[in-house]
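Under my numbering, the residue at position 294 of the sequence shown is numbered 304, and the numbers go up by one with no gaps.
Ideal Cβ placement from N, Cα and C applies to all residues, glycine included.
Below is one structure; the comments refer to it alone.
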Amino acid sequence: MLKKRRFLLIVLSIFFVIGLGGCSFIATPVEYTSEQFLMDTIVNIKAYGDNEEQVKKAVLSAFAEMKRIERLTDRFAQEGTGEVEFSDVYRINQAAGEQPVKVNEDVYEMIEMAKTYYELTEGAFDITIGPVMDLWGFGSEEKYIPSDAELQGKMLSVNSDKVILNESEKTVFLQEDGMKIDLGAIAKGYATEKAAAVLLKTGIEHAIINAGGNIDVIGKKYDGQAWRIGIQDPRNSKNLVGILSLTDEAAVTSGDYQRYFEEDGIRYHHIISPKTGKPSRDTMSITVITKNSAKADVLSTALFVMGPEKGMELVEQLEGVEACFVGTDNKIVTSSGMSNKVEIQPSKEYTYDKNG
Ligand code: AMP
Ligand code: MG
11 MLKKRRFLLI
21 VLSIFFVIGL
31 GGCSFIATPV
41 EYTSEQFLMD
51 TIVNIKAYGD
61 NEEQVKKAVL
71 SAFAEMKRIE
81 RLTDRFAQEG
91 TGEVEFSDVY
101 RINQAAGEQP
111 VKVNEDVYEM
121 IEMAKTYYEL
131 TEGAFDITIG
141 PVMDLWGFGS
151 EEKYIPSDAE
161 LQGKMLSVNS
171 DKVILNESEK
181 TVFLQEDGMK
191 IDLGAIAKGY
201 ATEKAAAVLL
211 KTGIEHAIIN
221 AGGNIDVIGK
231 KYDGQAWRIG
241 IQDPRNSKNL
251 VGILSLTDEA
261 AVTSGDYQRY
271 FEEDGIRYHH
281 IISPKTGKPS
291 RDTMSITVIT
301 KNSAKADVLS
311 TALFVMGPEK
321 GMELVEQLEG
331 VEACFVGTDN
341 KIVTSSGMSN
351 KVEIQPSKEY
361 TYDKNG
């Protein structure tokens, strides 16, 4: 009897050891991080899983998905390289004033979304800004400060009411010759969202995609903590104005420091007011947090143009959208639901109004 009991004890303890060993094996995460230059920026993806092969494959598939969106939306596609056939945006612009162009479903969805936000923001978000971007030289090496007369000429082509969509045919038509769409304010966020969907589909539960300031996180970090992301000080890249805590959501920043040139002490940056054709002046940076990364991208640009005052009024009306503005008046303002998502850092440069 005693022998039997001892035997049982030994068997149980062996099971216990194997069981524990097994658990600790399962609990050890495999981390895979990779970086690629895509959509004019460095894209970094970090993902965790149980198996190295699986995580690596998932991350590479996510990059491939972003590459696919990049090729569809590249409006400077090169003639004779095969890229032109692939870029729907190039073909839409070429056919302006002539005929509707059948496009890929993702491109259709982006343009449809752009039109929705054009209306919601009373024209602050306008993808037909293309001819004005080109006049300023953004997208090329040669920056140029246009005269008011030159701007007025190009502004005649800026009007999203003249982007005609046909849902059943999946076509896009720019009604006037000279019109050009530019998806620079939405494509990165949309691509990030699609890449996250690829990771989720392959069973990844903890990941972060950082596409040059367009952040999208899946779940929490592997240790169960929220992902912590810094909001850069727009005038000092070594400082942070705040630290975000993110779980299963996207955070996108638009800033006047991301793409700009200076002349005679004046900063000329890439976020243009569709009312004036000139760089919008009230915002230094705006960070938007919401579930969908494409929506966060659209809103970051739109709210930048609207400025802290009008922009925050809109944010407070939108469900599930939070924002942090850094104004050119050196004031930081956060939306009402932001308090548990951001820690604003003490600073001599900026004042902070929590209830903006
Ligand atoms: P983001 O960095 O997301 O704020 O996007 C800036 C890019 O969006 C610019 O480089 C342009 O390609 C484009 N853009 C600039 N101004 C506007 C605007 N008012 N509405 C829509 N897109 C814009
Ligand atoms: Mg944007």
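| Query | Result |
| --- | --- |
| Kindly indicate which three-state DSSP category T361 falls into: helix, strand or coil? | strand |
| Just checking, does the region 270 to 283 make contact with the region 225 to 242 on the three C-beta pairs under 8 Å criterion? | no |
| Just verifying my parser: in three-state terms, what is the DSSP assignment at T297? | strand |
| Per DSSP, V227 is paired with what? | I218 |
| Name the residue from D292, N169, V117, M143 whose alpha carbon lies nearest to the alpha carbon of E152. | M143 |
| One question on the structure: do I139 and I282 come within less than 9 Å of each other, judged by their Cβ atoms? | yes |
| Please determine whether the Cβ atom of G199 lies at a distance below 8 Å from any heavy atom of the ligand AMP. | yes |
| How would you write the range of the beta strand (DSSP E) that A260 sits in, first residue to last? | 260 to 265 |
| Give me the Cβ distance between L256 and I228, rounded to the nearest whole Å; I'm assuming they're in contact under 8 Å. | Their Cβ separation, rounded to whole angstroms, is 10 Å, which puts L256 and I228 out of contact at 8 Å. |
| Just the Cα atoms here: how many angstroms apart are S167 and S264? | 24 Å |
| Check N103 in the structure and name its three-state DSSP category. | helix |
| So is the beta-carbon of V336 under 8 Å away from any non-hydrogen atom of the ligand MG? | no |
| Residues in the same chain with beta-carbon distance under 8 Å from E41, minus the five sequence neighbours each way, listed in chain order, please. | K56, A57, Y58, V65, Y232 |
| Is there at least one non-hydrogen atom of the ligand MG closer than 8 Å to the beta-carbon of T311? | yes |
| Would you kindly report the start and end of the unbroken alpha helix (DSSP H) that includes D158? | 158 to 165 |
| Quick check: does the Cβ of A205 come within less than 8 Å of any heavy atom belonging to the ligand AMP? | no |
| Compute the minimum distance between the beta carbon of S170 and the heavy atoms of the ligand MG, and state whether it is under 8 Å. | no |
| Check whether the region 299 to 319 and the region 158 to 178 touch, using three or more Cβ-Cβ pairs below 8 Å as the test. | no |
| Exposed or buried, S345, counting other C-beta atoms within 10 Å across all chains shown (16 or more means buried)? | buried |
| Hey, how far is the Cα of I79 from the Cα of L250? | 31 Å |
| Closer than 8 Å to a non-hydrogen atom of the ligand AMP - does that hold for the CB of R269? | yes |
| Using DSSP with H/G/I as helix, E/B as strand and the rest coil, what is Y154? | coil |
| In its own chain, which residues sit with a C-beta less than 6 Å from the C-beta of G31, not counting the 5 before and 5 after it? | Reliability of the predicted coordinates at G31 is poor, the pLDDT of 41 falling under 50, and the value obtained from them is presented with this limitation in mind. Correct list: empty, nothing qualifies. |
| Measuring only the C-alpha atoms, how far is G347 from V325? | 10 Å |
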